[in-house]
Amino acid sequence: MDRTAEKDVLFTKGELGAYSLPHRVIMAPLTRSRSKQPGNIPTEMNAKYYAQRSSAALIISEATQISPQGMGYAFTPGIHSNEQIEGWKKVTKAVHEKGSKIFLQMWHVGRISHSSLQPEGALPVAPSAIKAEGEAFTYQGLVPFETPRALETEEIPGIIQQYEQAARNAKEAGFDGVEVHAANGYLLDQFLRESTNKRTDAYGGSIENRSRLLLEVIEAVTSVWGPDKVGIRISPTGTFNSITDSDPEKTFGYLVDRLNLFGLAYLHVVEAFGEGPKPDFDFNRLRKSFQGPYIANGGYTADSARESLISGKSDFIAFGTKYIANPDLVERFKLGAPLNEADPNTFYGGNEKGYIDYPFMEVNAVSNE
Ligand code: PHB
201 MDRTAEKDVL FTKGELGAYS LPHRVIMAPL TRSRSKQPGN IPTEMNAKYY AQRSSAALII
261 SEATQISPQG MGYAFTPGIH SNEQIEGWKK VTKAVHEKGS KIFLQMWHVG RISHSSLQPE
321 GALPVAPSAI KAEGEAFTYQ GLVPFETPRA LETEEIPGII QQYEQAARNA KEAGFDGVEV
381 HAANGYLLDQ FLRESTNKRT DAYGGSIENR SRLLLEVIEA VTSVWGPDKV GIRISPTGTF
441 NSITDSDPEK TFGYLVDRLN LFGLAYLHVV EAFGEGPKPD FDFNRLRKSF QGPYIANGGY
501 TADSARESLI SGKSDFIAFG TKYIANPDLV ERFKLGAPLN EADPNTFYGG NEKGYIDYPF
561 MEVNAVSNE
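Okay, here's the thing in structure tokens:
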């Protein structure tokens with residue numbers, strides 16, 4: 201691939217909603233479970249981690265619970281208390297001082313939680329009382345998921361309110377925008393997909409009804425930020441967190457048509473997550489039907505990212521695992537330098553180790569491959 205400075209497509213400028221970005225490499229949201237206890241508060245160490253990675257054109261924060269009810273994993277940060285807002289200010293300031301931009305990823309996990317993580321030990325909430333397979337990551341270790349409580353129709357405005365308040369808090373914390381997390385089997389995805397949504401009210405049944413909550417959330421969040429500072433993340437083919445849909449092309453085709461009415465900053469698509477066969481889904485068709493920037497994510501290398509950009513299949517590429525281990529991923533891509541390997545043992549929880557101690561490139565250690 202041609203990596204000479206003027207020709208490398210990865211390093212061309214790109215427009216993303218309200219922002220003009222210097223290149224096409226984005227840091228994907230990554231759960232790292234290292235917020236301060238009690239209170240799930242971002243710290244100076246978190247600020248350092250993000251600052252180290254701020255040669256990314258845009259950083260999307262780790263998934264962040266919008267409310268105490270939205271929490272599903274031990275040690276993940278929130279954006280609902282004053283202490284959390286103050287903690288996030290350290291992060292946004294550190295990233296801005298390095299000249300980058302950062303969006304907050306807004307997260308409500310729905311049923312992917314446990315009563316021990318919920319206010320007053322309540323059951324997690326979901327569109328329907330259907331248990332996920334697998335285990336929750338709690339302060340007591342891994343414990344089997346419980347059967348969640350189905351939300352009453354009357355509770356839905358309260359959920360939308362949680363998103364709206366979190367959007368305001370993100371503004372106060374100094375973020376440049378927000379990403380609504382509608383992927384990977386969490387609350388909004390649970391509403392979208394058939395296997396988790398058996399409701400008989402206006403929020404279940406038809407594709408139109410299953411999309412309703414997400415669209416109402418987008419309406420509320422864009423009313424706070426303006427649409428050009430709001431992105432959305434979806435995973436049409438994902439089965440993580442035991443979720444499925446019999447016709448994702450139809451479900452997400454409808455959704456994208458409706459999202460087009462908002463003029464959002466971007467559509468961020470998890471095209472692959474984890475191991476396993478690539479499902480049959482026409483991402484390029486989805487990309488063409490969305491009238492705005494498309495961020496592709498899922499196992500891309502520098503070269504497959506270039507191919508995607510050149511062939512018009514995407515506008516930006518978000519890198520996840522590679523960003524865990526390579527704070528200077530952009531500089532490495534520019535030079536074709538080798539990458540550090542990420543250590544899965546330190547992905548979630550813990551301290552500096554495997555978090556802010558991955559080495560930067562040494563100036564002379566650049567390969568010519
Ligand atoms: C996780 O913590 O494993 C996790 C969180 C958010 C995602 C996906 C995975 O979107």
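With my numbering applied, the sequence shown corresponds to residues 201 to 569, in that order. No residue lacks a Cβ here, since even glycine has one placed at the ideal position from N, Cα and C.
- Rounded to the nearest angstrom, the gap between the Cα atoms of P448 and E562 is 45 Å.
- The set of residues whose C-beta lies within less than 6 Å of a heavy atom of the ligand PHB reads, in chain order, T231, A263, Y273, A383, N384.
- Per DSSP, Y363 is not a residue of any beta strand (DSSP E); the alpha helix (DSSP H) it occupies stretches across 356 to 372.
- Taking the CA atoms as reference points, A465 sits about 34 Å from E333.
- DSSP places V469 in the uninterrupted beta strand (DSSP E) bounded by 466 to 470.
- Under the three-state reduction of DSSP output, Y339 falls in the coil class, being neither helix nor strand.
- Judged by pairs of C-beta atoms under 8 Å, the segment 419 to 432 touches the segment 209 to 226, as three or more such pairs exist.
- If only uninterrupted alpha helix (DSSP H) runs of at least 4 residues are considered, those enclosed by the segment 218 to 295 are 244 to 252.
- N409 sits in a helix when the DSSP states are folded into three classes.
- Within the segment 289 to 332, the runs of beta strand (DSSP E) at least 3 residues long that lie entirely inside it are, in chain order, 302 to 307.
- M227 is positioned such that its CB atom lies closer than 8 Å to that of F519.
- Counting the other Cβ atoms within 10 Å of the Cβ of T353 gives fewer than 16, which makes it exposed.
- For F516 against R224, the beta-carbon gap comes to about 5 Å, under 8 Å, which counts as contact.
- Membership of F516 in the beta strand (DSSP E) is indicated by the continuous run 516 to 519.
- Look at I556 here: in three-state DSSP terms it is coil, with no helix or strand label.
- With contact defined as three or more Cβ pairs closer than 8 Å, the segment 385 to 399 and the segment 434 to 445 are in contact.
- In this structure, I266 is the residue among A251, I266, G550 with its C-alpha nearest to the C-alpha of G358.
- Distances from the CA of L304 to each of P538, G287, T212 were compared; the closest alpha carbon is that of G287.
- One alpha carbon belongs to S300, the other to K398, and they sit about 42 Å apart.
- One alpha carbon belongs to P479, the other to E283, and they sit about 42 Å apart.
- For Y454, the enclosing alpha helix (DSSP H) stretches over residues 448 to 459.
- Here S220 is exposed. Its C-beta has fewer than 16 other C-beta atoms within 10 Å.
- Judged by their CB atoms, H314 and T292 are not nearer to each other than the 8 Å cut-off.
- Exposed is the label assigned to I510, since fewer than 16 other Cβ atoms lie within 10 Å of its Cβ.
- Within the model, the alpha-carbon separation for D543 versus T231 is close to 14 Å.
- Just so you know, the alpha carbons of W425 and E416 end up roughly 14 Å apart.
- DSSP places Y523 within a helical segment (H, G or I) once states are collapsed to three.
- Here DSSP, grouped into helix, strand and coil, assigns L539 to coil.
- Secondary structure note for R393: it is in no alpha helix (DSSP H), with a DSSP letter that is neither H nor E.
- It is roughly 17 Å from the alpha-carbon of I302 to the alpha-carbon of V421.
- S233 is positioned such that its CB atom lies closer than 8 Å to that of Y548.
- For I443, no beta strand (DSSP E) run applies, since DSSP gives it neither H nor E.
- Comparing alpha carbon positions, the residue from R410, H381, Q269 closest to S395 is R410.
- For the pair N484 and L467, the Cα-to-Cα distance works out to about 13 Å.
- DSSP places E352 in no alpha helix (DSSP H); its state is neither H nor E.
- For A502, the uninterrupted alpha helix (DSSP H) run begins and ends at 502 to 510, by DSSP.
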